[in-house]
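Asks: First, the structure itself, so that you have it in front of you.
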Amino acid sequence: MPAPERTPPSLAHVLVLAAGRGVRMGGPKALMDVGGRPWWRHQRDCLPRPGFTTTWVVSPGVRDGMSVKSDRPELVVVDPDRPMFASILAGLASLRASPPGSVFILPVDCPAPSMHVWEALASPANRDSVTIPTHMGATGHPVHLPWRFVTDVLDPAVSAAADADTLRLDTFIGSRARRVPVDDPRIAMNLNTPGDVKEWLLFRNPQAADARS
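Quick note on numbering: the numbering used here labels position 45 of the sequence shown as 45, and the sequence is numbered without any gaps.
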């Protein structure tokens with residue numbers, strides 16, 4: 001008897017945040033060369049599908065770098081270099097005309113994890129909760145936000161703030177977040193330096209490490 005098909009969370013939308021300058025990497029992380037390909041292509045290929053829609057929140061430079069490729073992302077929101085929370089707000093604003101049931105927040109420099117992580121974060125038991133993945137004691141990404149959290153918590157806070165650019169998402173999720181244990185170490189990876197990129201490449205291709213040892 002064939003195994004039942006796995007059903008992705010319904011009406012899920014992913015916001016990939018790629019508007020930063022990537023100072024420590026010498027340029028925007030979305031465009032950095034990783035194994036002969038721009039990083040955004042690696043991320044795109046690892047994002048969950050079907051059943052998910054993805055919007056990329058990018059800087060003008062990243063948009064221009066993506067535009068020279070025929071397989072560039074279809075849904076792109078341009079957000080000039082501002083704090084990460086501003087990019088989140090720009091991405092959420094693009095969804096308000098037809099809000100999804102929930103939103104996943106994934107910084108571009110955090111490798112997209114396997115499908116079961118996304119499923120666990122937005123499972124029937126978790127779909128109405130803010131959830132973040134954990135692996136061996138470390139927390140990471142993506143962060144799962146029910147749309148009601150956006151309207152009931154984020155929107156009033158932004159309206160009341162004197163300067164929304166000073167706000168941080170982790171301040172709001174805090175004790176509200178449910179920790180969901182997963183078995184994928186990628187949830188805690190962050191490609192901040194060239195050394196981090198090398199570690200990720202070895203994670204993807206451990207045979208290369210064996211061949212050099």
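Where a beta carbon is used, it is the ideal one built from N, C-alpha and C, also for glycine. Computed from a predicted structure; not experimentally measured.
Over the uninterrupted alpha helix (DSSP H) stretch that includes V158, give me the two end residues.
Replies: 155-160
Asks: DSSP three-state label for S102, please.
Replies: strand
Asks: Just grab the DSSP bridge partners of P107 for me.
Replies: L17
Asks: Only counting the same chain, and skipping five residues up and downstream in sequence, which positions put a Cβ closer than 7 Å to that of L145?
Replies: S102, V103, I105, V130
Asks: DSSP on H135, reduced to helix/strand/coil?
Replies: strand
Asks: Out of P99, D152, V77, D163, which has the shortest C-alpha to C-alpha gap to V57?
Replies: V77
Asks: With H, G and I counted as helix, E and B as strand and the rest as coil, what does DSSP make of R72?
Replies: If DSSP states are grouped into helix, strand and coil, R72 belongs with coil.
Asks: Which two residues bound the contiguous alpha helix (DSSP H) that contains R63?
Replies: The continuous alpha helix (DSSP H) containing R63 extends over residues 60-67.
Asks: To the nearest angstrom, how far is the alpha carbon of D64 from that of P80?
Replies: Between D64 and P80, the C-alpha separation is close to 13 Å.
Asks: Quick one: grab the DSSP three-state call for R127.
Replies: coil
Asks: Looking only at DSSP bridge pairs, what is F215 linked to?
Replies: Summary: the structure shown does not reach residue 215, with the chain confined to residues 1 through 213, and so no result is reported for it.
Asks: Going by other Cβ atoms of all chains shown within 10 Å of its Cβ, with 16 needed for buried, is D109 buried or exposed?
Replies: buried
Asks: Give me the Cα-Cα distance between A164 and T151, rounded to the nearest whole angstrom.
Replies: 15 Å
Asks: Starting from A143 and walking both ways along the beta strand (DSSP E), at which residues does that stretch end?
Replies: According to the sequence shown, residue 143 is Val rather than Ala. Element bounds for V143: 143-146.
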